[in-house]
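Numbering-wise (the numbering used here), the sequence shown opens with residue 46 and increments by one.
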Amino acid sequence: MARELAVIGAGLMGSGIAQVAAQAGWRVTVVDTTEEALRRGVQGVQASWAKFVEKGKLTQDEAAAALERITTSTELDAVAHADIVVEAVFEQVEVKRELFRTLDGLVKDTTVLASNTSAIPITKLAAATRNPERVVGTHFFSPVPLMSLCELVRGLKTSDETLATAREFAESTGKTCIVVERDVAGFVTTRLISALVVEAVKLYEAGVASAEDIDLACKLGFGHAMGPLATADLTGVDILKHATENIYAESRDEKFAPPELMRRMVDAGDFGRKTGRGFYAY
Ligand code: NAI
């Protein structure tokens with residue numbers, strides 16, 4: 046089985062993916078544009094492992110061995126030996142397309158190129174390569190070490206073999222996969238959460254109920270771990286607006302049009318937890 050992984054982007058998701066893969070025995074090369082980003086990413090992984098060790102879920106030796114399997118680089122050609130490359134850079138289609146174009150020329154013919162995008166159709170990224178059948182979506186969830194889902198996305202030309210390799214990789218890290226067989230913007234998960242958040246914002250904006258009560262309705266009525274407005278604050282109102290806008294642009298489905306309040310909150314810089322104010326004050 047393939048055992049060499051490269052992760053592009055050492056941010057929240059890339060470092061999390063590197064972490065679970067290294068723990069599962071993969072040799073992982075993490076690439077980012079600056080040493081500073083790589084240092085922050087690896088520190089995040091170490092801090093997370095320290096918590097697992099504290100809770101008795103991992104031994105110090107296992108954490109140390111996993112850390113040894115991670116190497117970092119600011120040079121993209123460090124991916125040359127990878128069996129799978131997972132891209133986790135900014136959610137911007139042009140940045141990702143450019144990266145896929147470059148990766149296509151650097152990796153082995155058999156290497157699978159995966160994207161962690163949460164909403165961009167995989168076919169758009171695959172089209173930047175000469176081998177679109179080896180491109181696939183592997184959408185992990187945050188925080189990666191704790192969330193057990195990986196949403197696999199088949200682009201228009203993704204081969205069965207590529208999908209099988211992606212599944213094998215995700216399952217080796219302990220994740221359970223769902224498969225998105227038709228490459229729609231937002232896939233299954235981002236469409237569902239976007240529809241729920243947009244409706245929650247509309248209810249709140251119309252004064253139908255308080256933010257607390259809308260969230261309580263989902264938590265106590267539907268068993269959700271977190272209400273949609275608290276989720277928006279955690280994920281970032283700006284990020285969700287961007288995602289719903291993309292889904293709306295692709296699907297032309299009115300229900301994904303970002304509500305006025307959501308647009309004004311982004312104008313005002315009320316992005317949620319990271320700015321201290323969103324639907325709640327922090
Ligand atoms: P982030 O902003 O934390 O990290 C992105 C990293 O990519 C940064 O360290 C940046 O320096 C690096 N980067 C940007 N361009 C690069 C390039 N050309 N080459 C190498 N490195 C580059 O972003 P985050 O949150 O980790 O998201 C990454 C991807 O995962 C996005 O596509 C996002 O939509 C997706 N995603 C995010 C989730 C979240 O909860 N944050 C959940 C699921 C998916």
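Even for Gly, the Cβ is constructed at its ideal location relative to N, Cα and C. None of these values were measured; they are calculated from a predicted model.
> Just curious, the alpha helix (DSSP H) that LEU241 is in, first and last residue?
Replying inline: Position 196 of the sequence shown holds residue 241. Unbroken alpha helix (DSSP H) run through LEU241: 234–250.
> So is the beta-carbon of MET271 under 7 Å away from any non-hydrogen atom of the ligand NAI?
Replying inline: Taking the sequence shown and counting its residues from 1, one reaches residue 271 at position 226. Incorrect: MET271 has no Cβ contact closer than 7 Å to the ligand NAI.
> Are VAL76 and ALA63 touching if we call contact CB-CB under 8 Å?
Replying inline: Looking up residue 76 in the sequence shown gives position 31. Looking up residue 63 in the sequence shown gives position 18. Taking 8 Å as the Cβ cut-off, VAL76 and ALA63 do not qualify as a contacting pair.
> Is the Cβ-Cβ distance between SER187 and LEU285 less than 8 Å?
Replying inline: By 1-based counting over the sequence shown, the position of residue 187 is 142. By 1-based counting over the sequence shown, the position of residue 285 is 240. Taking 8 Å as the Cβ cut-off, SER187 and LEU285 do not qualify as a contacting pair.
> Among LYS169, CYS263, GLY61, ARG179, which has the Cα closest to the Cα of LEU83?
Replying inline: Position 38 of the sequence shown, counted from the first residue, corresponds to residue 83. That would be GLY61, whose Cα lies nearest to the Cα of LEU83.
> Apart from the five residues just before and just after THR221, which ones in its own chain have a Cβ nearer than 8 Å to its Cβ?
Replying inline: Walking along the sequence shown from the start, residue 221 turns up at place 176. Correct list, in chain order: SER193, LEU194, CYS195.
> Apart from the five residues just before and just after ALA211, which ones in its own chain have a Cβ nearer than 7 Å to its Cβ?
Replying inline: Numbered from 1 along the sequence shown, position 166 holds the residue referred to as residue 211. So the qualifying residues of the chain are VAL157, ALA159, VAL181, THR183, LEU197.
> Quick one: is VAL282 near chain B, going by C-beta distance under 8 Å?
Replying inline: Annotation note: the requested chain B is absent from the structure, which comprises a single protein chain.
> What span of residues does the beta strand (DSSP E) with ALA92 cover, start to end?
Replying inline: What you label residue 92 is simply residue 47 of the sequence shown in a count that begins at 1. Counting along the chain, ALA92 falls outside any beta strand (DSSP E), though it belongs to the alpha helix (DSSP H) covering 80–99.
> At what residues does the alpha helix (DSSP H) containing GLU120 begin and finish?
Replying inline: Looking up residue 120 in the sequence shown gives position 75. No alpha helix (DSSP H) contains GLU120, which DSSP labels as neither H nor E.
>> Nearer than 7 Å: is that true of the beta carbon of ILE53 relative to any heavy atom of the ligand NAI?
In response: As a position in the sequence shown, residue 53 is number 8, starting the count at 1. Yes.
> Nearest CA to the CA of PHE185: which residue from SER255, THR235, SER239?
Replying inline: As a working note, residue 185 is residue 140 in the sequence shown. Comparing Cα-Cα distances from PHE185 to each of SER255, THR235, SER239, the minimum goes to THR235.
> By Cβ distance below 6 Å, which residues in the same chain neighbour ALA55 in space, the five residues on each side in sequence not counted?
Replying inline: Stepping through the sequence shown from its first residue, residue 55 is reached at position 10. The residues are VAL75, ASP77, ALA82, LEU83, GLY86.
> Between MET46 and SER296, what straight-line distance do the alpha-carbon atoms span, to the nearest angstrom?
Replying inline: Against the sequence shown, residue 46 aligns to sequence position 1. Against the sequence shown, residue 296 aligns to sequence position 251. Bear in mind that the predicted position of MET46 carries a pLDDT of just 47, short of 50, making it unreliable; the figure below should be weighed with that in mind. Going from the Cα of MET46 to the Cα of SER296 covers about 38 Å.
>> the ligand NAI and ASP77: does any heavy atom of the ligand fall closer than 7 Å to the residue's C-beta?
In response: By one-based count along the sequence shown, residue 77 stands at place 32. Checking the Cβ of ASP77 against the ligand NAI gives yes.
> Taking C-alpha atoms, which residue in THR207, VAL243, GLY252 lies nearest to ASP278?
Replying inline: Counting from 1 along the sequence shown, the entry for residue 278 is found at position 233. Of the listed residues, the one whose Cα sits closest to ASP278 is VAL243.
> Between LYS300 and ARG308, what straight-line distance do the alpha-carbon atoms span, to the nearest angstrom?
Replying inline: For the purposes of this step, residue 300 is taken as residue 255 along the sequence shown, with counting starting at 1. For the purposes of this step, residue 308 is taken as residue 263 along the sequence shown, with counting starting at 1. If I take the Cα positions, the gap works out to 15 Å.
>> Check this for me: beta carbons of VAL253 and VAL65, under 8 Å apart or not?
In response: Position 208 of the sequence shown, counted from the first residue, corresponds to residue 253. Position 20 of the sequence shown, counted from the first residue, corresponds to residue 65. Not in contact: VAL253 and VAL65 (Cβ atoms no closer than 8 Å).
>> Quick check: does the Cβ of LEU144 come within less than 7 Å of any heavy atom belonging to the ligand NAI?
In response: In the sequence shown, residue 144 corresponds to position 99, counting from 1. Result yes, Cβ under 7 Å from the ligand NAI.
>> Does MET46 come out as helix, strand or coil in the three-state DSSP assignment?
In response: If you number the sequence shown from 1, residue 46 lands on position 1. Confidence at MET46 is low in this model, with a pLDDT of 47, below 50, so the placement of that residue should be treated as unreliable; the coordinate-derived value is given next. Three-state DSSP puts MET46 in coil, outside helix and strand.
> With DSSP run on the structure shown, which of helix, strand or coil describes GLU136?
Replying inline: As a working note, residue 136 is residue 91 in the sequence shown. Of the three classes helix, strand and coil, the one that applies to GLU136 here is coil, per DSSP.
> Where VAL233 and ARG199 are concerned, what is the direct C-alpha to C-alpha distance, given to the nearest angstrom?
Replying inline: To locate residue 233, count along the sequence shown from 1; it is residue 188. To locate residue 199, count along the sequence shown from 1; it is residue 154. Rounded to the nearest angstrom, the two C-alpha atoms are 12 Å apart.
> Does DSSP put ALA326 in a helix, a strand or coil?
Replying inline: For the purposes of this step, residue 326 is identified with residue 281 of the sequence shown, where counting begins at 1. ALA326 falls in the strand class under three-state DSSP.
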